[in-house]
Every structure is written in C-alpha cells, then in structure tokens.
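Student:
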Amino acid sequence: MSILIDEKTRVVVQGITGRIGAIQTMHMLKAGTKITAGVTPGRGGSRVEDVPVYDSVEEAMGEQEINTSVLFVPAAVAEESCVEAVDAGLKLLILITEHIPTHDTMRIRAYARSQGARLIGPTTPGVITPGKCKIGIMPTHLFTPGPVGIISRSGTMSYEMAGLLSGEGIGQTTMVGMGGDPVVGTGLVELLELFQKDPATRVVVVHGEIGGTQEEKAAVFIKQKMNKPVIVYMTGKVALEGSRMGHAGAVFTGKRGAMENKIKAFREAGVPIADSPGEIATLVRKALEA
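For the sequence shown, this note's numbering assigns the number 150 to the initial residue and increments by one for each residue that follows.
#1: Would you mind stating whether E212 and I257 have Cβ atoms separated by less than 7 Å?
#2: Bridge partners of E358, per DSSP?
#3: What do you reckon, are the CB atoms on L313 and A430 nearer than 7 Å?
#4: Kindly provide the ranges of any beta strand (DSSP E) runs that are 3 or more residues long and lie completely inside the region 177-207, ordered along the chain.
#5: Could you give the distance in angstroms between the alpha-carbon of V206 and the alpha-carbon of A234?
#6: Rounded to the nearest angstrom, what separates G320 and T335 at their Cα positions?
#7: Alpha carbon to alpha carbon, what distance is there between S303 and A287?
#8: According to the neighbour-count rule (16 or more other Cβ atoms, all chains shown, within 10 Å of its Cβ), is M324 buried or exposed?
#9: Alpha carbon to alpha carbon, how far is A225 from A414?
#10: When you compare only the Cα positions, how much space is there between T158 and K281?
#11: On the criterion of 16 or more Cβ atoms from any shown chain inside 10 Å, does S263 qualify as buried, or is it exposed?
#12: For A171 and T246, what's the separation of their Cα atoms in angstroms?
#13: Output needed for V200: all residues of its chain with C-beta closer than 8 Å, excluding positions within five of it in sequence on either side, in chain order.
#14: Helix, strand or coil: which one does DSSP assign to A399?
#15: Kindly indicate the opening and closing residues of the alpha helix (DSSP H) around L268.
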C-alpha cells in the first residue's frame, strides 16, 4: 500500500503545454504514471506526449477518468487554477509552482479544505509511490519500493534520503515533498497521520529545517499518538538568526523556528536524530530490525 497516490491514480496536468509541464509529463509517463489529460486554456484539441489537451478541467473530466491534478502553472494563475480543479470535483491537488504569494496559498488551502480536497505544496517536488505512480519532478531512479515513508521540506533532500536508503536496499512506500514555503497545503502532522494508518509503512523518515513550528508540533504528535518509528534529519543547524536557508519558509527570528527548539522537541519525544545524511539508513535499518 501507500499514501495519497498509487496505481489507481489518474492524473490531469494543468499547464501541460508549457515547457516544464511538457517535459515533466514525459518523465511521469516514463515512470508509469497514468496521465489521462492535460489542461491549457486555448490549447484544447492538441496533444502532448499523446495526452489529449482540454481547455478546462471540467471539460477534461467530462471525457476522461481523472482523480488528481498536478499543476505546472504560473504563480499569477495558481489560485485560479486550483479553484478550477476543486470546483471540477478533484480531491488531490499537487502544486509544483514556486513564488506563489502567501495569502494566495492560504486562500487555496482554505477553499480546498472547505470542499474536502487536499493540497500538497506549493513549491513541492511532488509525491512518488515507487513502482506505481510519480507525480512531480523527482528523479525516478533514486526511489525503490519498500517499507519506509519519507516526508521532506526540501526536494533535494528527499532525493538524497531516498537515494541513500535505496543504496542500502531499503525501499520506500511513498515520498511526499511538503513544499518549502511558510504556508503549505498539508502539514507534517497530517502526513504523519497518513503514514500511521498505512499498513505497508513500517518506518517514517522526516526531513526538517529551520523556520515555523511544524517540527515541534510533529514531536508532540509522535510522542502522544505515533506507534511507528520515526527518524529525523534536520538541516540548518548553523543558520544565523534572521537568515534564510534556500526556502522561503526556512527562516527564524528569535526563538520561533530556531533549530534548538526543534532538536529539543524531538529529543524529548524520544525521536532518533541523524547527525548526517549517511546516518539515516543506519537508523532506519535499526528501527526495521527492532
């Protein structure tokens, strides 16, 4: 099993005719993802990688089986595009787009939740269930099927962790890139809850970083409700106060979002913390063999 996506997932690519949308559609198809439609207003009737293109999500859903949208759209139209997908009845939106204004994201998230839909992202590499479905921009060859769930605030770190685990013969159920912005559609605790319920996931690896309070909240959830082992790797240990480390959400001022608070919270929850990426596989194997 897995979370969020599997072999039954049917995808519409919003922004499929753009340069990135077209290239990533090709890579997703090569990974085995079932992309049944694309949407670009004004380009209906064309095809990309033999995928039919429609002018709207509603039109696409009238002719194709679709349950998930991945969005490669400009930031200026991201909110409008997400609302369109939700109004058409889709329940999972994976928003790859970067540089979306925070208030736009807040409105997208609120509207999606009000309609029973889930938003992953923005600024996410996407979601992959190895061997079954890849929705996003991650390098497929680093991921292999297995019993470990991955949640990451960084796309690159998710690739690194998966590659290290796969290199040690430890595969993954699903990897979810949360997104690197201050506000994201689905938070760390929500994703831990999903992995908690997935019978195929035996261990969860979390990549966290400075900024926000998601890690502190996750530590409380792990201590009180999680019955599966969780391994954590944190980046930003040497970040100076007020500095931003790559992501818009990776910034702290004063105590809020500081690394010391996050490390303390995880230690108090009894969560093993890897000192380096290379230690992740060692801790995961230990948890699997316990």
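Backbone N, C-alpha and C define an ideal beta-carbon position, used for all residues, glycine too.
None of the values given here were measured: they were computed from a predicted structure.
Tutor: Straight from the coordinates:
#1: Here residue 212 is taken as the residue at index 63 of the sequence shown, counted from 1. Here residue 257 is taken as the residue at index 108 of the sequence shown, counted from 1. Going by C-beta atoms, E212 is not nearer than 7 Å to I257.
#2: Locating residue 358 in the sequence shown gives position 209, where the first residue counts as 1. When DSSP reads this structure, E358 sits in a beta bridge with T384.
#3: In the sequence shown, residue 313 corresponds to position 164, counting from 1. In the sequence shown, residue 430 corresponds to position 281, counting from 1. Cβ atoms of L313 and A430: closer than 7 Å.
#4: Listed in chain order, the complete beta strand (DSSP E) runs (minimum 3 residues) inside the region 177-207 are 184-188, 200-203.
#5: On the sequence shown, residue 206 is found 57 positions in, with the first residue counted as 1. On the sequence shown, residue 234 is found 85 positions in, with the first residue counted as 1. Near 6 Å, if we compare the C-alpha coordinates of A234 and V206.
#6: Position 171 of the sequence shown holds residue 320. Position 186 of the sequence shown holds residue 335. C-alpha separation (whole angstroms): 24 Å.
#7: If you number the sequence shown from 1, residue 287 lands on position 138. If you number the sequence shown from 1, residue 303 lands on position 154. For the record, residue 287 in the displayed sequence is Met; it is not Ala. Answer to the nearest angstrom: the Cα atoms are 11 Å apart.
#8: Indexing the sequence shown from 1 puts residue 324 at position 175. Looking at its Cβ environment, which holds 16 or more other Cβ atoms inside 10 Å, M324 is buried.
#9: As a working note, residue 225 is residue 76 in the sequence shown. As a working note, residue 414 is residue 265 in the sequence shown. Spanning the alpha carbons of A225 and A414 requires a straight line of approximately 37 Å.
#10: The residue labelled residue 158 in the question sits at position 9 within the sequence shown. The residue labelled residue 281 in the question sits at position 132 within the sequence shown. Distance from the CA atom of T158 to the CA atom of K281, rounded to whole angstroms, is 9 Å.
#11: Taking the first residue of the sequence shown as position 1, residue 263 is located at position 114. By the 10 Å Cβ count, S263 comes out exposed.
#12: Locating residue 171 in the sequence shown gives position 22, counting from the first residue. Locating residue 246 in the sequence shown gives position 97, counting from the first residue. The straight-line gap from Cα to Cα measures roughly 14 Å.
#13: For the purposes of this step, residue 200 is taken as residue 51 along the sequence shown, with counting starting at 1. Closer than 8 Å at the Cβ level, and outside the excluded window around V200, lie V162, I165, T174, L178, I184, T185, A186, G187.
#14: As a working note, residue 399 is residue 250 in the sequence shown. Because the pLDDT of A399 is 47, which lies under 50, any placement of that residue in the model is unreliable, and the number read from its coordinates should be weighed accordingly. It is coil, neither helix nor strand.
#15: For the purposes of this step, residue 268 is taken as residue 119 along the sequence shown, with counting starting at 1. In this chain, L268 is not harboured by any alpha helix (DSSP H); it is covered by the beta strand (DSSP E) spanning 267-269.
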